[in-house]
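Visitor: Attaching a single structure in structure tokens format; questions to follow.
Number of protein chains: 2
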Amino acid sequence: MMTEVGIEARPIEIPNGLPYVYGEISSGKAGAKTVLFYNHYDVQPPDPLQEWKFPPFGAEVHDGVVYARGVADNKGNIIARLNAIEAFIATVGDVPVNLKFMFEGDEEISSPNISSFTTQNKELLKSDVAIWSGRPVDAEGRPIVSLGNKGLLYVELRAKGAATDVHSMEAPILVNPAWRLVWALATLKGPEEKVLIDGFYDNLKPFTKEELELIEKTPFDEDERKKDREIESFLLGASGSSLKTNLLTKPTCNICGFVGGYIGRGAKTIVPSESTVKLDFRLLPNQDPDEVLQKLKTHLARHGFQDIQVEVLGKMPPSRTPLANKYVDTVVKSMEKLLGKPAVIWPNCPGSSPRYAIERLGIPVIDTGGCHSYVFSRIHSPNENITVDGYMRGMKATATLINSFGDLR
Amino acid sequence: MMTEVGIEARPIEIPNGLPYVYGEISSGKAGAKTVLFYNHYDVQPPDPLQEWKFPPFGAEVHDGVVYARGVADNKGNIIARLNAIEAFIATVGDVPVNLKFMFEGDEEISSPNISSFTTQNKELLKSDVAIWSGRPVDAEGRPIVSLGNKGLLYVELRAKGAATDVHSMEAPILVNPAWRLVWALATLKGPEEKVLIDGFYDNLKPFTKEELELIEKTPFDEDERKKDREIESFLLGASGSSLKTNLLTKPTCNICGFVGGYIGRGAKTIVPSESTVKLDFRLLPNQDPDEVLQKLKTHLARHGFQDIQVEVLGKMPPSRTPLANKYVDTVVKSMEKLLGKPAVIWPNCPGSSPRYAIERLGIPVIDTGGCHSYVFSRIHSPNENITVDGYMRGMKATATLINSFGDLR
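One line per chain: the protein sequences are A and B, in this order.
Per the working numbering, the very first residue in the first sequence carries number 1; after that it's consecutive.
Per the working numbering, the very first residue in the second sequence carries number 1001; after that it's consecutive.
Structural data, given as structure tokens:
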């Protein structure tokens, strides 16, 4: 398809992963900017199949809505971008900027090879700006422009006791691995939510005054969210700007899962043989996952928990393109003009994404798009969909961005 | 069977449980002592059936060993006692003490009705001394005489968050119920193993100097136990008399099970919706389970954990007959004479037992027997067994005790 629309394209094989697809179009103009588009072509499994109203790989259109696995995340975005290029060339004849495309096949399994891929292909990927896989518009139809993601360190801590569960009458003489983890965890973070690992907050790159102001202005419907989560209040009673600041700017230390001993119904009197806890740390620039891991291990040893084993289950560095970057302004203005509404700018997203792998090449990375709405697109779930209108919006967004970058000198 | 051997016996129905079986024989002598024997006729399920070498309900004898579910715990003990009575009457003609028998059918489900049964039948059960269901001899063939049990309070603590597990990018704004439990637990007990609930140790009845000396002398093969448990050391590095003192005299706060969030293989990034922990407290005289429960609730509220729900899954008061009680001396001497070895006296067992329900009637309760050996009897497990020799020893123990009590004035 890329070749058909006029892109010089080829797969790039990598060890232990699905190939990247790389493509480019030269503008032929001296001094033209180079724009890199990132997308991914892999999807989540379509299960549970019985919950789909229409076949997950049928791409059926009903009442102006396209239903298909990947249509919102992220194949629809790829095709909208390719269609935009096709239309652009058919209409204008050429492109005002050099275009590069990097499509990944392992995003849904946390992009295990993206760091080595971008490092090994640094020259090939060299660009002035990168546009990430494509943010939806928000519930009010406002364009979203996202400038950063939290990083991730995912570890499993394991404590061991006797070879088997033992009658709890021996509790006074046996090490209880669940207690070991409880005490270790309680040294990592207290109810005031501050992470107590020495140096955890050391490398944090401060947000600028402008970035913090944007975060405080981010639309966030607290009542809607509370209703959806069935909760009466947010953590520590936060609300308004403090709630949004917490969500977008705080690194975390979160228990994803804890298990040890008897977990069935009723009572069983044992000292567990083993216990594990899964923790994810969401990190902000410039917290490095490897450094945080080392600090965690040092912390555990210093607090007397040398017996606790640490296994790493995932790592991803954080990323942030400064709000002050000139391409941000270009993207915001062009998206606002296209959609006729003020952009919602996120200096930082609460989740994680591998865009650090491009950013570390010195390329600003901006995520925006406009293909579909948040509320109904059901990413990763049955009945994933976008609207036909949203699809057209996504094409226009790509064309608009190309034009805007073409105007830059 | 009780009637056949000369006991006046009848079932006593109770609401919501299996009937107790009560029986008595009057000695006909003025001033004779009254001895109450407690046993239970219920057993654990025989599963897993395929692991039995012989049918669990066949009571087959092979090489001097009887294999059957309940033969060691506790039907064998009942029948040995009844056979002893039969032989006693056949040989001597009458009994030198008044005998009472109380056989329970719900012991294996923690004797939920024993407290109301003994309270309602206080007059019927009135005795000078009670002999409990029958301790085995130890690995060296020494008689064991046990004078007390720890009590039990079993609770489940539950913390709740959002209605479902939520993507962990929301960790900065959602209450995490697993963290709530971790922090609450860390206020209950620290790594030094002291329970931090206000007043937890308040009512502890001290052990006498003589009791503590006995505990320090209790045989305990540390290397054997460590090998069996596959551990390198005991809790807090305890050894020798401190290890035995910890095991027999310390009340505990033990995590039996902890679960919350994702507990499968690999990583899943969520904030758990709910988390629970099962705790058992082993209590010593005079810690009352209801009082400890109230102190626990007060503690949680005082430390800011009003959100944590407490459900009681089990309660049993502790018990202890003083070493100085005159019947203890009678039992120890007669068992030592019978077996020709010094008795191992446990002022307190590490586990729990419902003998408090008799003790609270003002009756000293002593557990001894001699039917089988610890090492091979496999209580609650496949191939439960006793030796024929051990069975004979159990009969003789009953007869010896009756004779010894008959000599008391």
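Ideal placement from N, C-alpha and C gives every residue a C-beta, glycine not left out.
Fair warning: this is a prediction, and the values are worked out from it, not measured in the lab.
In angstroms, rounded to a whole number, what distance separates the CA positions of Glu86(A) and Tyr38(A)?
Guide: For the purposes of this step, residue 86(A) is taken as residue 86 along the first sequence, with counting starting at 1. For the purposes of this step, residue 38(A) is taken as residue 38 along the first sequence, with counting starting at 1. Distance between the alpha carbons of Glu86(A) and Tyr38(A) is about 17 Å.
Visitor: Thinking C-beta only, is Ile1308(B) closer than 8 Å to Ala1178(B)?
Guide: Here residue 1178(B) is taken as the residue at index 178 of the second sequence, counted from 1. Here residue 1308(B) is taken as the residue at index 308 of the second sequence, counted from 1. No. Outside cutoff.
Visitor: Report the residue from Lys1250(B), Leu1212(B), Phe1220(B), Thr1218(B) whose alpha carbon sits nearest the alpha carbon of Val1195(B).
Guide: The residue you call residue 1195(B) lines up with position 195 of the second sequence. The option with the nearest alpha carbon to Val1195(B) is Lys1250(B).
Visitor: Going along the chain, which residues of its own chain have a beta-carbon closer than 8 Å to the beta-carbon of Asp480(A), five neighbours each way excluded?
Guide: The structure shown does not extend to residue 480(A), since chain A is modelled only from 1 to 409, so the question has no answer here.
Visitor: Report the three-state DSSP secondary structure of Arg10(A) (helix, strand or coil).
Guide: The residue given as residue 10(A) occupies position 10 in the first sequence. Three-state DSSP puts Arg10(A) in a strand.
Visitor: Is there at least one Cβ from chain A nearer than 8 Å to Thr1269(B)'s Cβ?
Guide: The count along the second sequence starts at 1 and reaches residue 1269(B) at position 269. Yes, its Cβ sits closer than 8 Å to a Cβ of chain A.
Visitor: Spell out whether any CB of chain B is found under 8 Å from the CB atom of Asp138(A).
Guide: What you label residue 138(A) is simply residue 138 of the first sequence in a count that begins at 1. No, its Cβ sits nowhere closer than 8 Å to a Cβ of chain B.
Visitor: Using a Cβ-Cβ cut-off of less than 8 Å, list which residues of the stretch 48-62 of chain A approach chain B; keep chain order.
Guide: Listed by position, the residues of the stretch 48-62 of chain A near chain B (Cβ gap below 8 Å) amount to none.
Visitor: Which same chain residues, not among the five before or five after Arg1142(B), have their C-beta less than 8 Å away from its C-beta?
Guide: The residue given as residue 1142(B) occupies position 142 in the second sequence. For Arg1142(B), where only same-chain residues beyond five positions count, the Cβ hits under 8 Å are Pro1219, Leu1339, Lys1341, Pro1342, Ala1343, Val1344.
Visitor: My assumption, with CB atoms under 8 Å, is that Ala162(A) sits in contact with Glu1230(B). Please give the rounded CB distance.
Guide: In the first sequence, the residue the question calls residue 162(A) occupies position 162. In the second sequence, the residue the question calls residue 1230(B) occupies position 230. Contact flag correct, Cβ pair sits at about 6 Å.
Visitor: Let me know the secondary structure DSSP gives Trp179(A) once reduced to three states.
Guide: Along the first sequence, one-based indexing puts residue 179(A) at 179. Here Trp179(A) sits in helix by DSSP.
Visitor: Can you pull the chain B neighbours of Thr218(A), defined as C-beta to C-beta under 8 Å?
Guide: Along the first sequence, read from residue 1 onward, the residue named residue 218(A) stands at position 218. Chain B residues near Thr218(A): none, gap ~13 Å exceeds 8 Å.
Visitor: In this structure, how does DSSP classify Ser319(A) when only helix, strand and coil are distinguished?
Guide: The count along the first sequence starts at 1 and reaches residue 319(A) at position 319. Note: Ser319(A) maps to strand in three-state DSSP.
Visitor: Are Asn348(A) and Leu284(A) touching if we call contact CB-CB under 8 Å?
Guide: Indexing the first sequence from 1 puts residue 348(A) at position 348. Indexing the first sequence from 1 puts residue 284(A) at position 284. Yes, they are a contact pair.
Visitor: Using only the alpha-carbon positions, how far apart do Thr104(A) and Leu174(A) sit?
Guide: The residue you call residue 104(A) lines up with position 104 of the first sequence. The residue you call residue 174(A) lines up with position 174 of the first sequence. In the sequence as displayed, the identity of residue 104(A) is Glu instead of Thr. Spanning the two alpha carbons is a distance of roughly 50 Å.
Visitor: Can you find the residues in the same chain that come closer than 7 Å, C-beta to C-beta, to Phe1117(B), ignoring five residues on each side of it along the sequence?
Guide: On the second sequence, position 117 is the one that residue 1117(B) refers to. Around Phe1117(B): Ile1014, Tyr1020.
Visitor: In whole angstroms, give me the CA-to-CA distance for Ala1080(B) and Val166(A).
Guide: Along the second sequence, one-based indexing puts residue 1080(B) at 80. Along the first sequence, one-based indexing puts residue 166(A) at 166. One C-alpha to the other measures close to 30 Å.
Visitor: Does Tyr1022(B) come out as helix, strand or coil in the three-state DSSP assignment?
Guide: For the purposes of this step, residue 1022(B) is taken as residue 22 along the second sequence, with counting starting at 1. It is a strand residue.
Visitor: Under 8 Å between beta-carbons, which chain B residues line up against Trp183(A)? List them in chain order, please.
Guide: By 1-based counting over the first sequence, the position of residue 183(A) is 183. Within 8 Å Cβ-Cβ: Ala1186, Gly1190, Pro1191.
Visitor: For chain C, check one thing: does any of its Cβ atoms lie closer than 8 Å to the Cβ of Phe1234(B)?
Guide: The chain labelled as chain C is not found among the protein chains of the depicted structure, namely A and B.
Visitor: With DSSP as the reference, label Glu60(A) as helix, strand or coil.
Guide: Walking along the first sequence from the start, residue 60(A) turns up at place 60. Here Glu60(A) sits in strand by DSSP.
Visitor: Taking just the CA atoms, how far does Val1097(B) sit from Gly1028(B)?
Guide: Walking along the second sequence from the start, residue 1028(B) turns up at place 28. Walking along the second sequence from the start, residue 1097(B) turns up at place 97. The alpha-carbon atoms of Gly1028(B) and Val1097(B) are separated by roughly 8 Å.
Visitor: Which same chain residues end up closer than 6 Å to Asp1202(B) when comparing Cβ atoms and leaving out the 5 residues on each side of it in sequence?
Guide: To locate residue 1202(B), count along the second sequence from 1; it is residue 202. Counting only Cβ-Cβ distances below 6 Å, and skipping sequence neighbours, we find nothing.
Visitor: Could you name the residues of chain A that Ser1275(B) contacts, counting a contact when the two beta carbons are closer than 9 Å?
Guide: Position 275 of the second sequence holds residue 1275(B). Within chain A, the residues near Ser1275(B) are Ile255, Phe258.
Visitor: Please report the distance separating the alpha-carbon of Ala1186(B) from that of Ala186(A).
Guide: Taking the second sequence and counting its residues from 1, the one referred to as residue 1186(B) is at position 186. Taking the first sequence and counting its residues from 1, the one referred to as residue 186(A) is at position 186. Ala1186(B) and Ala186(A): Cα-Cα distance of roughly 7 Å.
Visitor: Using a cut-off of 8 Å between C-beta atoms, extract the partners of Pro969(B) located in chain A.
Guide: Because chain B is modelled from 1001 through 1409, residue 969(B) falls outside the range shown and cannot be assessed.
Visitor: Is the number of C-beta pairs between the stretch 1232-1251 of chain B and the stretch 1153-1161 of chain B that are closer than 8 Å three or more?
Guide: The answer is no - the stretch 1153-1161 of chain B does not touch the stretch 1232-1251 of chain B, with fewer than three Cβ pairs under 8 Å.
Visitor: Looking at the secondary structure, which residues open and close the beta strand (DSSP E) in which Phe1258(B) lies?
Guide: As a first step, residue 1258(B) is located in the second sequence; it is residue number 258 there, counting from the start. Residues 1252-1261.
Visitor: Just the C-alpha distance for His1062(B) and Lys1337(B), rounded to the nearest angstrom, thanks.
Guide: The sequence position of residue 1062(B) within the second sequence is 62, counting from 1. The sequence position of residue 1337(B) within the second sequence is 337, counting from 1. Computed Cα separation, rounded: 29 Å.
Visitor: In the DSSP assignment, the alpha helix (DSSP H) including Phe103(A) goes from what residue to what residue?
Guide: Start at 1 with the first residue of the first sequence, and residue 103(A) comes out as number 103. Segment 98-104 is the beta strand (DSSP E) holding Phe103(A); no alpha helix (DSSP H) there.
Visitor: Would you call the CB atoms of Met395(A) and Ala59(A) closer than 8 Å?
Guide: For the purposes of this step, residue 395(A) is taken as residue 395 along the first sequence, with counting starting at 1. For the purposes of this step, residue 59(A) is taken as residue 59 along the first sequence, with counting starting at 1. Not a contact, by the Cβ cut-off of 8 Å.
Visitor: Tell me the residue span of the alpha helix (DSSP H) that contains Phe88(A).
Guide: Within the first sequence, the letter at position 88 stands for residue 88(A). 75-92 is the extent of the alpha helix (DSSP H) around Phe88(A).
Visitor: For chain A, check one thing: does any of its Cβ atoms lie closer than 8 Å to the Cβ of Lys1278(B)?
Guide: As a position in the second sequence, residue 1278(B) is number 278, starting the count at 1. Closer than 8 Å: yes.
Visitor: Helix or strand or just coil, what does DSSP make of His299(A)?
Guide: Walking along the first sequence from the start, residue 299(A) turns up at place 299. Of the three classes helix, strand and coil, the one that applies to His299(A) here is helix, per DSSP.
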